[in-house]
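**Student:**
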Amino acid sequence: MSFSSDPPAAAVLDNACGTGIITEEILERFPTSSKPKVYAADLTPSMVSSLSTKAESKGWVNGEDGLVEASVMDAKELTFPYNMFTHSYTDLGILFFKNPEKGPSQIYRTLQPGGTAFLQPGRSWGTCRLCARRRKLCGPTALLGNYR
1 MSFSSDPPAA
11 AVLDNACGTG
21 IITEEILERF
31 PTSSKPKVYA
41 ADLTPSMVSS
51 LSTKAESKGW
61 VNGEDGLVEA
71 SVMDAKELTF
81 PYNMFTHSYT
91 DLGILFFKNP
101 EKGPSQIYRT
111 LQPGGTAFLQ
121 PGRSWGTCRL
131 CARRRKLCGP
141 TALLGNYR
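Note that UniProt numbering has the sequence shown beginning at 1, numbered continuously upward.
Structure, rendered in structure tokens:
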């Protein structure tokens, strides 16, 4: 039996992804051979469709075998398994949750122990470099924190 010294692959959630600005920022920062798998979820089908089209046009191939797997999903009721993600991004969407406690509980549930969550709930929080492009378009800064 052999063991790899390579770290486990990153599994990233782009939660309330919109058109995939965060997904795009993440995937454009890594060389082709080490891009993480990004699971993007949004409640609005047209947003998910837009991201799927973008993923295919950039060669990220949407779906199980690609770098992006985009799904219509409520951020307050994520269907992903427990401890799935190494990183979880929720950029502005948390402001629109009707039941604001449920969203963070789902982020926590799906984040691996030692994983990192990034939230951007308002302008008084810290800074997330990966959210910079979104901030230029939308305004507020981001919260960065290790929640597991």
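Yeah, the Cβ is synthetic: ideal placement off N, Cα and C, and Gly gets one too.
#1: Which of the three DSSP states, helix, strand or coil, is assigned to residue 102?
#2: Can you say whether residue 24 is buried or exposed, counting buried as having 16 or more other CB atoms within 10 angstroms of its CB?
#3: Quick one: residues in its chain with C-beta nearer than 8 Å to the C-beta of residue 10, no 5 flanking neighbours on either side, listed in chain order?
#4: Put residue 75 into one of helix, strand or coil per three-state DSSP.
#5: Rounded to whole angstroms, what is the Cα-Cα separation between residue 83 and residue 113?
#6: Output the boundary residues of the beta strand (DSSP E) element that contains residue 54.
#7: Where does the unbroken alpha helix (DSSP H) through residue 67 begin, and where does it stop?
#8: When DSSP labels each residue in this structure, what does residue 149 get in the three-state scheme?
#9: Which residue comes first and which comes last in the beta strand (DSSP E) that contains residue 19?
#10: Going by alpha carbons, who is nearest to residue 120 out of 101, 110, 22 and 92?
#11: With distances taken from CA atoms, which of 58, 74 and 104 is nearest residue 68?
#12: Given this structure, state the Cα-to-Cα distance separating residue 47 from residue 115, to the nearest angstrom.
#13: Determine whether the beta carbon atoms of residue 78 and residue 110 lie at a separation below 8 Å.
**Tutor:** Put simply:
#1: In the structure shown, residue 102 sits in a helix (DSSP, three-state: H, G or I).
#2: Under a 10 Å Cβ-count criterion, residue 24 is classified as buried, with 16 or more other Cβ atoms of the shown protein chains found around its own Cβ.
#3: Cβ neighbours of residue 10 beyond the five flanking positions: 36, 37, 86 and 87.
#4: In the structure shown, the three-state DSSP call for residue 75 is coil.
#5: The C-alpha of residue 113 is placed about 7 Å away from the C-alpha of residue 83.
#6: The continuous stretches of beta strand (DSSP E) do not include residue 54, which lies in the alpha helix (DSSP H) extending over residues 45–57.
#7: For residue 67, no alpha helix (DSSP H) encloses it, and the DSSP letter there is neither H nor E.
#8: Residue 149 lies beyond the stretch modelled for the chain, which goes from 1 to 148, so this question has no answer here.
#9: That residue, residue 19, is in no beta strand (DSSP E); it is neither H nor E in DSSP.
#10: Of all alpha-carbon atoms in 101, 110, 22 and 92, the one lying nearest the alpha-carbon of residue 120 is that of 92.
#11: Minimum Cα distance to residue 68 is reached at 58.
#12: Residue 47 and residue 115 have their C-alpha atoms roughly 26 Å apart.
#13: Taking 8 Å as the cut-off, the beta carbon of residue 78 is found closer than this to the beta carbon of residue 110.
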